[in-house]
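> I'd like to ask some things about the structure below.
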Amino acid sequence: MVYDIEMIRNFYASYRAKVENARKKLDRPMTLAEKILYAHLYDEKAMTAFRRGEDYVNFRPDRVAMQDATAQMALLQFMNAGKEKVAVPSTVHCDHLIQAYKGVKEDLPAACDANREVYDFLKSVASKYGIGFWKPGAGIIHQVVLENYAFPGGMMVGTDSHTPNAGGLGMIAVGVGGADAVDVMAGMEWELKMPKLIGVKLVGSLSGWAAPKDVILKLAGLLTVKGATNAVIEYFGEGTESLSCTGKATICNMGAEVGATTSVFPYDEEMGRYLSATGREEIASLAGSCAEDLRADDEVLADPASYYDRIIEINLSELEPYINGPFTPDAACPISEFAGKVKANGYPQRMEVGLIGSCTNSSYQDLSRAASLARQVKEKKLKMASPLIVNPGSEQVYCTASRDGMIADFEAVGGIIMTNACGPCIGQWKRVTDDNARPNSIVTSFNRNFAKRADGNPNTHAFVASPELATALAIAGDLCFNPLTDTLVNEADEAVRLDAPVGETLPAKGFTVDDNGYVAPASDGSRVEVTISPLSQRLQKLEPFAPWDGNDFLEMPLLVKTKGKCTTDHISMAGPWLRFRGHLENISDNMLMGAVNAFNGKTNAVWNSLNGNYEAVSAVAKQYKAEGIASIVVAEENYGEGSSREHAAMEPRFLNVRVILAKSFARIHETNLKKQGMLALTFADKDDYDKVREHDKISVLGLRDFAPGKPLSIVLLHEDGTTETFRAAHTYNRQQIEWFKAGSALNTK
Ligand code: F3S
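Here is the structure:
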């Protein structure tokens, strides 16, 4: 058994009493998210009615999951924490470092070879500290967690922004940086601002081409990429019961794209069926016995507007398939309007590749519905117009889909089966095109579609849709094809229409797997050696960051003023750079290389105040660091949107950038900056962004009196000798100010 059943029995034994205690304290009915949050307080005695969106609260999560790209830095930090063993069940999943090129048979051995040093390191650290290890090819972290570890009412953190996927199984699952994961693994409290609550009522049921993915694609359009920041999205209404457990997980997964802290569904029969189908009948029975506290109280459901901060209603029966993009996941468009959008914007109409899979959409149900379309290619005498790439979510899904003929269905239409891993979703795609400079379009069932994310090519227009729609568009090869209304011409010159996809939520013959890829830790970890070669280019021991010197930051050169979106992909690019995720010095060479310089519209070309040249951002920062000069970055809205990678905070810290001054921050990234001892400040008046000039020297004043809720002063010294002063706000609490003073959160342990 890969999970700790005793821990789960103990959890359910006390869950209802904890919820009851919280209900008394709050003296009102509770939502589901509140029940789970209050049942996981680090110190139950400190319980009070926490103010949503304001109070920082300490929690005690039940488990931790880490993917290989972020686990390296998390475990390097954990090794410095002086513990013998992790305090809560934890796992590492090798899914991000595997490149998709020719297919699983060649790609997986090649990845094992190329990443051997990192895999050996992760495996040995996992073994030493009591952490479960899922080897390369075992599957994508969130699919594996859903299949094995998620449980209704539980709480987990994961070093990946799509950790909320487990909300499909009724869990509060939150994406965090490695430093947060280290706190939890060390048995310490995990701090989170008490989230606001967005209630999404689902009515009706899906049919035809509409898929669970379309719920969240529509919602992304309504909420935008930061509309749910510091909020939990809680689903309710009878429509929730019509969705499969894995469909619910898809919806929760992409809550990350609207900035949500997490998303959660109430416990229902579909969750029970999924738990049983994945060998966890006992958990289904335990959850069933406290089902009424695994959903919102009846009074809440009767009058949701009184209990949630915002309510949105979606009628599943009326929901159209959506296709979102390019370049941002909230550019939502129903399929009926999509052809018009493509033509109006001049997007490349030829659909060049369909990609299905990723942690968002790689369940048995997803593959079975997409396979039903692949089968129609032969039945209707059609030809695939574009290649189809498939990344199954786990070895269990792959083996079951293989037994049930779906893998053969994809291969029969030329589909390439890649490793059970992230692959193109994280830029690990060795794509071969005739001309990289040619604008081109792809459709994926992934969650993110930022520029360059899939193939590193800024000319690729990536759109996100359900796996069904991605497959249909690959059959047509035309972005303007609407399978609900349009016909295709087959080899017999007949006009044919694709039938709506059909599929099973769970395999009728049960799941099957030969080797699920799990490696248990050593029973005696003290005997396991972890070695890091000082000559390694992939791994590097961490040196603590220096504490704050007690002075204001004076006349720092502006390193870069970024314009527009600046996601963690822009700050610390993935793709080939993933190989340096365990080596802070080497990965720092990619710092902010994707960010657009507001003064010249270019990426990775910023003014160097030491020599007047335009050079790469990291090159300039390195020269400043060598001269003992601290620098500052200025940015627009939702800085650090996207992933949980703390490299996006550690790289600037390492290169002596001390301050990020932005119009606003994404939640995980703001925490990561604080944990690494950076100053994450926001413009009190967003128009002050416009005052910052390229050659400015910028000071941050008031640090000696740095206190919660107290603004700091920014002084711009312009090149002509004039100055401008304005206020900068922040969200640091007392503890976080101590992290800043100590140089990092880790330094305070
Ligand atoms: Fe992997 Fe993409 Fe999910 S990188 S964890 S498949 S968002």
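When you line the sequence shown up against numbering that gives the first Met the number 0, it's residues 0 to 748, in that order. Just so it is clear, CB atoms sit at the ideal spot from N, CA and C, and this is done for glycine as well.
(1) Indicate the three-state DSSP secondary structure (helix, strand or coil) for Ile311 in the structure shown.
(2) Would you tell me roughly how many angstroms separate the C-alpha atoms of Glu669 and Lys696, rounded to the nearest one?
(3) Thinking Val765 and Ile659 are a contact (beta carbons under 8 Å), I'd like their distance in whole angstroms, please.
(4) Determine the closest residue to Cys565 out of Glu640, Ala499, Ser535, with distance taken between C-alpha atoms.
(5) Pull the bridge partners of Trp738 from the DSSP assignment, please.
(6) Report the partner residues of Phe664 according to the DSSP bridge assignment.
(7) Does the Cβ of Asp267 lie closer than 7 Å to at least one heavy atom of the ligand F3S?
(8) Examine the ligand F3S and report whether any of its heavy atoms sits within less than 7 Å of the Cβ of Ser262.
(9) Could you give the first and the last residue of the continuous beta strand (DSSP E) run that contains Ile139?
(10) Go to Met72, then tell me how far its alpha helix (DSSP H) extends in each direction, as first and last residue.
(11) Straight-line CA distance for Pro303 to Gly236?
(12) Taking the alpha carbon of Lys621 as the reference point, which residue from Ala149, Leu591, Asp492 has its own alpha carbon closest?
(13) Kindly indicate the opening and closing residues of the alpha helix (DSSP H) around Ser361.
(14) So which of Phe132, Pro347, Gly524, Pro710 has the shortest CA-CA distance to Arg437?
(15) Is the beta carbon of Gly177 less than 8 Å from the beta carbon of Met72?
(16) Return the first residue and the last residue of the beta strand (DSSP E) that Tyr234 is part of.
(17) Name the one or two DSSP bridge partners that Met155 has.
(18) Can we count Asp159 as close to the ligand F3S, meaning its CB is less than 7 Å from some heavy atom?
(19) Quick one: is Pro543 buried, meaning 16 or more other Cβ sit within 10 Å of its Cβ, or exposed?
(20) Scan the segment 708-734 and note each continuous beta strand (DSSP E) run of 3 residues or more that stays entirely inside, going in chain order.
(21) Which residue comes first and which comes last in the alpha helix (DSSP H) that contains Glu584?
(22) Who are the near neighbours of Ile355 in its chain, counting only those whose CB is closer than 8 Å to its CB and skipping five residues on each side?
(23) Candidates Val124, Lys127, Ala165, Phe150: which alpha carbon is nearest His141's?
(24) Tell me where the alpha helix (DSSP H) around Asn20 begins and ends.
(25) With a 10 Å radius around its C-beta and 16 neighbouring C-beta atoms as the bar for buried, classify Val691 as buried or exposed.
(26) How would you write the range of the beta strand (DSSP E) that Lys82 sits in, first residue to last?
(27) Within 7 Å: the Cβ of Gln66 and any heavy atom of the ligand F3S?
(28) Please report how far the alpha carbon of Met65 lies from the alpha carbon of Asn489, in whole angstroms.
(29) Alpha carbon to alpha carbon, how far is Asp477 from Val431? Give it in angstroms, no decimals.
(30) Which residues mark the beginning and the end of the alpha helix (DSSP H) in which Asn344 is found?
(31) Could you give the distance in angstroms between the alpha-carbon of Ile282 and the alpha-carbon of Ala507?
(32) Please report how far the alpha carbon of Leu577 lies from the alpha carbon of Glu298, in whole angstroms.
(33) Any contact of the segment 530-545 with the segment 605-614, i.e. 3+ C-beta pairs under 8 Å?
(34) Hey, His161 and Asn252: beta-carbon distance below 8 Å or not?
(35) Mind listing, in chain order, the continuous alpha helix (DSSP H) runs of no fewer than 4 residues lying wholly within the segment 609-653?
(36) Considering only their Cβ atoms, is the gap separating Met350 from Ala494 smaller than 8 Å?
Result, derived from the coordinates:
(1) strand
(2) In a straight line, the C-alpha of Glu669 is about 24 Å away from that of Lys696.
(3) Nothing about residue 765 can be reported from this structure: the residues present for the chain run from 0 to 748 only.
(4) Glu640
(5) Per DSSP, none; premise fails for Trp738.
(6) Tyr638
(7) Distance from the C-beta of Asp267 to the nearest heavy atom of the ligand F3S is not below 7 Å.
(8) Ser262 Cβ: outside cutoff for every heavy atom of the ligand F3S.
(9) Taken as a continuous stretch (DSSP letters only), Ile139 belongs to no beta strand (DSSP E), as it is neither H nor E.
(10) 67-78
(11) Spanning the two alpha carbons is a distance of roughly 10 Å.
(12) Cα-wise, what sits closest to Lys621 is Leu591.
(13) Run containing Ser361: none; DSSP gives neither H nor E here.
(14) Minimum Cα distance to Arg437 is reached at Pro347.
(15) yes
(16) 230-235
(17) Under DSSP, the beta-bridge partners assigned to Met155 are Arg62, Ala172.
(18) yes
(19) exposed
(20) 711-716, 722-728
(21) Boundaries of the alpha helix (DSSP H) harbouring Glu584: 583-586, taken from the DSSP string.
(22) Ser361, Asp365, Leu366, Ala369, Leu387, Ile388, Val389, Asn390, Thr443, Ser444, Pro466, Ala469, Thr470
(23) Ala165
(24) 4-25
(25) buried
(26) Premise fails: Lys82 is in no beta strand (DSSP E) and is neither H nor E.
(27) yes
(28) 47 Å
(29) Rounded to whole angstroms, Val431 to Asp477 spans 20 Å at the Cα level.
(30) First-last of the alpha helix (DSSP H) with Asn344: 334-344.
(31) 21 Å
(32) 48 Å
(33) Counting Cβ pairs under 8 Å, fewer than three are found: no touch.
(34) yes
(35) 616-625, 646-653
(36) A distance of 8 Å or more separates the beta carbons of Ala494 and Met350.
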